[in-house]
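So for the sequence shown, the working numbering puts the first residue at 590; every next one is plus one.
Yeah, the Cβ is synthetic: ideal placement off N, Cα and C, and Gly gets one too.
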Amino acid sequence: MKTSIASVCLSGPLVDKLQAAANAGFGGMEIFENDLIGAPQDARTIGKMMRDLGLNCTIFQPFRDLEGMPEPQRSAAFARMERKFEIMDALDTDLVLLCSNCSPAALPERQRMLDDLHELGELAARHGKRIGYEALAWGRQVNDHRDAWSLVRDVDHPSIGLVLDSFHSLSRDVPSSSIGDIRAEKLFFVQLADAPRLSMDTLSWSRHFRVLPGQGDWPMADYVAAIQRIGYDGWFSLEIFNDQFRAGAAAQLAVDGHRSLRFLEDEAARALGRTPVLPDRVTAIRTEFIEFAASHEEAEEFARYFRALGFTPVARHRNKDVTRWKQGEINLVLNCEPDGHAHSYEVVHGGSVCAIGLSVTDKDAALARAEALGIERFEQAVAPDEWDIASLRGLGGSLLYLVDATRSEAMWADEFPLRQEQEGGPSILTRIDHVAQTMQQGEFLSCVLFYVSLFDMGRTAQLEIADPMGLIYSQAVQNADRSVRFTLNGSLAHQSLSSRFIRNYFGAGVQHIALATDDIFQAAEAARAAGLPLLEIGPNYYDDIEARFGLEPDMLKRLRAANILYDRDEQGEYFQFYSRAVAKRVFFEVVERRDYDAFGAANAAIRLSAQASHRGPEWM
590 MKTSIASVCL SGPLVDKLQA AANAGFGGME IFENDLIGAP QDARTIGKMM
640 RDLGLNCTIF QPFRDLEGMP EPQRSAAFAR MERKFEIMDA LDTDLVLLCS
690 NCSPAALPER QRMLDDLHEL GELAARHGKR IGYEALAWGR QVNDHRDAWS
740 LVRDVDHPSI GLVLDSFHSL SRDVPSSSIG DIRAEKLFFV QLADAPRLSM
790 DTLSWSRHFR VLPGQGDWPM ADYVAAIQRI GYDGWFSLEI FNDQFRAGAA
840 AQLAVDGHRS LRFLEDEAAR ALGRTPVLPD RVTAIRTEFI EFAASHEEAE
890 EFARYFRALG FTPVARHRNK DVTRWKQGEI NLVLNCEPDG HAHSYEVVHG
940 GSVCAIGLSV TDKDAALARA EALGIERFEQ AVAPDEWDIA SLRGLGGSLL
990 YLVDATRSEA MWADEFPLRQ EQEGGPSILT RIDHVAQTMQ QGEFLSCVLF
1040 YVSLFDMGRT AQLEIADPMG LIYSQAVQNA DRSVRFTLNG SLAHQSLSSR
1090 FIRNYFGAGV QHIALATDDI FQAAEAARAA GLPLLEIGPN YYDDIEARFG
1140 LEPDMLKRLR AANILYDRDE QGEYFQFYSR AVAKRVFFEV VERRDYDAFG
1190 AANAAIRLSA QASHRGPEWM
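Right, dumping it as structure tokens:
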């Protein structure tokens, strides 16, 4: 796939955008006229910069309001286009994007539009240029790529071709099968953008809410497969208008953009039954461990929480100041080493989760896919008698370890041979239900793409959760059997819990860990008796769920006494309680699912209100 990105996607001066695109691996860039106008360099200098960076100027855009215009606007538009050809010469591109007319003055006469496009084709041919005609979803006469294609087909001029944009097609539910009617040689350019499904006018939707392929809700692989099926082998270019992207770092967005196109290329190849371009997406089987970095003082506080939750320190590392705490299938690793990644992480963030280990079906395939997607591998020195566990750079500088599922037991036995305490009695907590990661809102979509492009995971719908100080946006990524789940959370509200966490933590990271139990009441009583600092829920909540769910008095009494939150849907029931946070950073959740698949979103606002009551004066 020949990959390009529009300059409008990225933040910063045009020269910085060019550098970011080249560094990320793109072969070309669409130059937006406004970016060029605002640059201190002239067009010829920009063109030379692009060539020096190995970038093609794939298209110059946009040109508006030409076909179907009355005089004198028509003549003015043709004169304007001829001047644009001079700029294109300087940029070393032969293709300009002509948007379907949106002017109220445009005349609804198809023959006039055909005549105008033919005359434009003649003008372009004299200058050695081509015109790519695109149907804007809000175009006055032409707002469907099928209508745009009928004009291009009937004009039948070698300098007039079609531009397809996935947003303009999919936002209007135009069937991708209709692309099969287009002749490949007349398709001059393809622009790609995904989007969440929203109920709003297409212009506002397009200008503010486009996202990268894989971050939205549209069948992008089917769209690209339909284009490749007709034999198109030209540029696929990202055209993303998004307020968050424009405010973010150009380098990261460019990396994410290139990753999204590699992911999409692979998905389209598979949809066509062709040879995949990437190794298979990896199946994550379970969360093998969560690693905490802590000073010795902080480790005592974590150990207090671990014991109160029923964990036992079962073994120590053969060489390092690292302890394995265990209960059921849950492994918590407490790292107090004075050097290495964990120590560096603790210095920056304080006692916190520095790494997550996932058991995967094929570690080597996971590493190969990660490399192909541009995901950075992390390596550090290990002793000759230690396991070199593969790891990737994760959220906020944390690590994501990849453990071969068939060798996990051997890993624990070899790495932690120094036995400490025996696990006592049956485990009340059984496994890790989900891990909640909190990030800047601008990192949110990047994190979604990281998980769904690397692992065989799907996404839930994004939710808006009411925090007393603003909205928090939340979305889950999870594997098919729900044995691995991450909830991703971000907020634009300065004083929301998510934002306060990021400031206190100095960056993104794990904010809470949900642990599963088969008996929520036993777990709550054991935690209370062991001294776990519990989050208290106000009495009004229980009055409300009594009215909403018609709970039996005895059940309601038990929930109230244990500060347990409750939810129910058509499939089942959900029970949850929370600890207080360790040093305002990490807290724990205990959940019981009874045929319930969601995350208790209705209770999230209640939990946030309860946590807000514990804000210190530094957050006021």
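Counting along the chain, His1083 sits inside no beta strand (DSSP E), nor does DSSP assign it H or E at all. In the DSSP assignment, Gln1111 forms no beta bridge with any residue. Beta-bridge partners assigned by DSSP to Asn831: Phe798. Cβ neighbours of Ala815 within its own chain (closer than 7 Å, five residues either side excluded): Ser765, Ser766, Ile768, Gly769.
Our two residues, Pro651 and Asn623, have alpha carbons roughly 9 Å apart in a direct line. According to the DSSP assignment, Gln1030 belongs to the alpha helix (DSSP H) that extends over 1030-1043. Cβ contact annotation for Arg848 (same chain, cutoff 7 Å, sequence separation greater than five): Leu962, Gly963, Leu1038, Ser1042, in chain order. Here Met789 is exposed. Its C-beta has fewer than 16 other C-beta atoms within 10 Å.
Less than 7 Å separates the beta-carbon of Tyr1094 from that of His938. The count of Cβ pairs closer than 8 Å, one atom from the stretch 888-907 and one from the stretch 1162-1179, reaches three, so the stretches are in contact. When the five nearest sequence neighbours on each side are left out, the beta carbons in the same chain lying within less than 6 Å of the beta carbon of Leu792 are those of Trp727, in order along the chain. The alpha-carbon of Glu926 is positioned some 24 Å away from that of Val1024. Annotation: the continuous beta strand (DSSP E) that includes Asp1022 extends over 1018-1027. Secondary structure of Trp824 (DSSP, three-state): strand. Residue state for Ser692 is assigned as coil, using DSSP reduced to three classes. Under the DSSP definition of a beta bridge, Leu991 partners with Leu947. DSSP places Arg859 outside any beta strand (DSSP E); the residue lies instead in the alpha helix (DSSP H), whose first and last residues are 839-860. Minimum Cα-Cα distance from Ser593 among the listed residues Leu607, Ser600, Gly601, Ala1119 corresponds to Leu607.
Here Phe1005 has Ala904, His906, Arg913 as same chain residues with Cβ atoms under 6 Å from its own Cβ, once five neighbours each way along the sequence are excluded. Nearest to Ala1055 by C-alpha distance, out of Ala1194, Val911, Ile749, is Ala1194. In this structure, Thr876 lies away from Thr950, with their beta-carbon atoms at least 7 Å apart.
The Cβ-Cβ distance between Asp783 and Pro808 does not fall below 7 Å. Under the three-state reduction of DSSP output, Tyr1185 falls in the coil class, being neither helix nor strand. With a beta-carbon spacing of about 6 Å, Asn690 and Gln730 fall inside the 8 Å limit used to define contacts.
When DSSP states are grouped into helix, strand and coil, Trp914 belongs to the strand group. Excluding the 5 residues flanking it on each side, Ile771 has same chain C-beta neighbours closer than 7 Å at Trp738, Leu751, Ile819, in chain order.
The shortest C-alpha to C-alpha distance from Met670 to any of Arg699, Ile720, Ser1202, Leu644 is the one to Ile720. Taking a C-beta distance under 7 Å as the contact criterion, Asp754 and Glu723 qualify as a contact pair. If you draw a 10 Å sphere on the C-beta of Asp631, you find fewer than 16 other C-beta atoms in it, and that means exposed.
If you check the CB distance, Ile1021 and Ile1109 do not come in under 7 Å. Lys591 carries a strand assignment under DSSP once its states are collapsed to helix, strand and coil. Per the C-alpha coordinates, the member of Gly1014, Ala955, Glu675, Gly643 positioned closest to Arg870 is Ala955. Where Asp733 is concerned, there is no enclosing beta strand (DSSP E), because DSSP gives it neither an H nor an E.
According to the DSSP assignment, Leu781 belongs to the beta strand (DSSP E) that extends over 776-781. With a cutoff of 7 Å on beta-carbon distance, Glu1135 and Leu1148 are scored as not near each other.
When rounded, the separation of the alpha-carbon atoms in Ile635 and Leu740 is 34 Å.
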